Structure formats: C-alpha cells, structure tokens
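Let me begin by presenting the structure, written as structure tokens, before commenting on it.
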Amino acid sequence: MKLIIFSLVLFGIIFTGVSGDFVYGQFSNTNTLKVSFEDNLLPSYEVPLVSGQTFTLSQNHSWVQDETSRFNLVSYTLDGETVKISRTARGDFTLSIPTDSSHSVVFSAVPQYALSVEGTNDYSFLPSSPTNDNWFDSGTSVSVNVQKTTEIEPNKVRQEITGWSLDKAEFWEIEDDGSTSFTTPPIVLNEYHQVDFFTEYQYKLNVISDSGETTGSGWY
Numbered sequence: 223m224k225l226i227i228f229s230l231v232l233f234g235i236i237f238t239g240v241s242g243d244f245v246y247g248q249f250s251n252t253n254t255l256k257v258s259f260e261d262n263l264l265p266s267y268e269v270p271l272v273s274g275q276t277f278t279l280s281q282n283h284s285w286v287q288d289e290t291s292r293f294n295l296v297s298y299t300l301d302g303e304t305v306k307i308s309r310t311a312r313g314d315f316t317l318s319i320p321t322d323s324s325h326s327v328v329f330s331a332v333p334q335y336a337l338s339v340e341g342t343n344d345y346s347f348l349p350s351s352p353t354n355d356n357w358f359d360s361g362t363s364v365s366v367n368v369q370k371t372t373e374i375e376p377n378k379v380r381q382e383i384t385g386w387s388l389d390k391a392e393f394w395e396i397e398d399d400g401s402t403s404f405t406t407p408p409i410v411l412n413e414y415h416q417v418d419f420f421t422e423y424q425y426k427l428n429v430i431s432d433s434g435e436t437t438g439s440g441w442y
C-alpha cells in the first residue's frame, strides 16, 4: 500500500511539472503586436495576436493636441517597411495585421494648424490643404485667394471687399485695380491664424434720359 501511494505522489509531481512547462510554453509562444508613435506622440501599447484569426488595427487619422492644433497621420512602418497613408482629416485608418508571428507598427504624424477665414464664403487656399479642409502642416506658407465682388441682386446690389486683416492685429486696404480677385501675402502656419475680410454694399445707379433711355450707369 505504501508503495502504491508513493507511486501516485511521484506521478502527480511529474505530471504537474509537465503541465506547468506546457502552459509556460503556450504563453511564451503567444504572438504580439507592438504599436508605437514616432516622437512619442501617443503612448505605445501591445496587443496579443491569436494565430489563424484576423486582426485589424484601427487608429484615428487626426487627434487634437490643443484648441488650435492637431496631429494628422502621414505614414506607418510595419516591421521596418514604411508606407505612406492617404491624407484625410477625419475617420479611422485600418490595417490588417498577419497573426502568424509578432509584429511592430510605428505611426508617424505631423502637427497641423488651422487657418480661419471670416467675412466671405467665396475663397480658396493656395496651396490647398493636404487634408482638404482649413488645416495645414506646420511650417506651410498659405495664401488666401478671394473674389472681390459678390452679387446680391443682379445689376442692383453687390458686395465689394475693401480690406483685410490678419489676427485682427492690422488692417490693409485692397486697391481697386480692376482685377476680380485678391490674394493675400503668404501666411506661415506655425500657429493658428485668422483672416478677416471687410466688405461694403454697393448699389447700381442708372442714368435715364427724358426719353426713357439709359445713358449711363455706375456702382456707388
């Protein structure tokens, strides 16, 4: 009887040791995905990968830095190979990750600053924003092109742009040189900026003769 008990105890010790090695082996062979960000823009993290299952990594295209600036994705590096990302302002970027082995992804993003335009809706940026909005990569020089005249009532009332200011700090008049548009000098986007355009209403005056014919007209 003592021999049987001793044998069972010995078997239990051996089985426990084998089971422990098996569990440890399973844990140590788990694949992982390490996600990090260039210049530590966001905290890095790790995700376990289950072999044979599909895993999709998701990351916001843009995230706010403060009230007037944000970061926008430009590329990712998967296991040392860098791939450019199509620029967009909103939504999530997704990437399918193989689960047959461990991988690392490093995201790269650039700071962007907003350029606001007030006083008119008929304008464009030169060059246009890489994210198709009013946000630009840090250090970009941007001009605002605006149409001088906006028709309110055909041949009766129009709105004419007469001046502009940058960050409400200084005012510049826009000369009437006969052109239909005006372009501001380049504005360097290293911080948030606001361009204000100032307008006045003009009315068309027609001069009519005693016979009822229009002999002249002008905007005043």
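Heads up: take any position in the sequence shown, counting from 1, add 222, and you land on the working numbering.
Just so you know, even glycine gets a beta-carbon here, dropped at the ideal spot from N, CA and C.
As the structure is a prediction and not an experimental result, all values here were calculated from the model.
- Across the set N377, W285, V368, H283, the C-alpha of V368 shows the shortest separation from the C-alpha of P407.
- DSSP places D261 in the helix class (H, G or I) of the three-state scheme.
- The secondary-structure analysis by DSSP pairs I307 with nothing; it has no beta-bridge partner.
- Excluding the 5 residues flanking it on each side, E268 has same chain C-beta neighbours closer than 8 Å at T254, L255, K256, V257, in chain order.
- Annotation for P333: Q287, S291, F293, S360 place their beta carbon closer than 7 Å to its own, counting only its chain and skipping 5 residues before and after.
- By the criterion of a C-beta distance shorter than 7 Å, L263 is surrounded in its chain by F293, A331, once the five residues flanking it on both sides are discounted.
- Apart from the 5 residues on each side of it in sequence, S284 sits with its Cβ closer than 6 Å to the Cβ of R292, N294, A311 in its chain, given in chain order.
- Out of P265, L300, I319, the CA that lies nearest to the CA of T278 is found in I319.
- Around the beta carbon of T276, fewer than 16 other beta carbons lie within 10 angstroms, which makes this residue exposed.
- In the structure shown, T372 falls within a strand segment according to DSSP collapsed to helix, strand and coil.
- When C-alpha distances from S338 are compared across Y442, S387, G274, the shortest belongs to S387.
- With 16 or more other Cβ atoms from the protein chains shown falling within 10 Å of its own Cβ, S351 counts as buried.
- Residue state for E397 is assigned as coil, using DSSP reduced to three classes.
- Rounded to the nearest angstrom, the gap between the Cα atoms of Q424 and S439 is 13 Å.
- If you draw a 10 Å sphere on the C-beta of V429, you find fewer than 16 other C-beta atoms in it, and that means exposed.
- Assignment of alpha helix (DSSP H) within the stretch 264–292, counting only whole runs of 4 or more residues, yields no such run.
- Straight through space, the alpha carbons of V296 and D344 are spaced by roughly 29 Å.
- The continuous beta strand (DSSP E) containing D359 extends over residues 357–359.
- Cβ contact annotation for T316 (same chain, cutoff 6 Å, sequence separation greater than five): T278, S280, in chain order.
- Shortest Cα-Cα distance from E395 to any of F419, F358, I307 involves F419.
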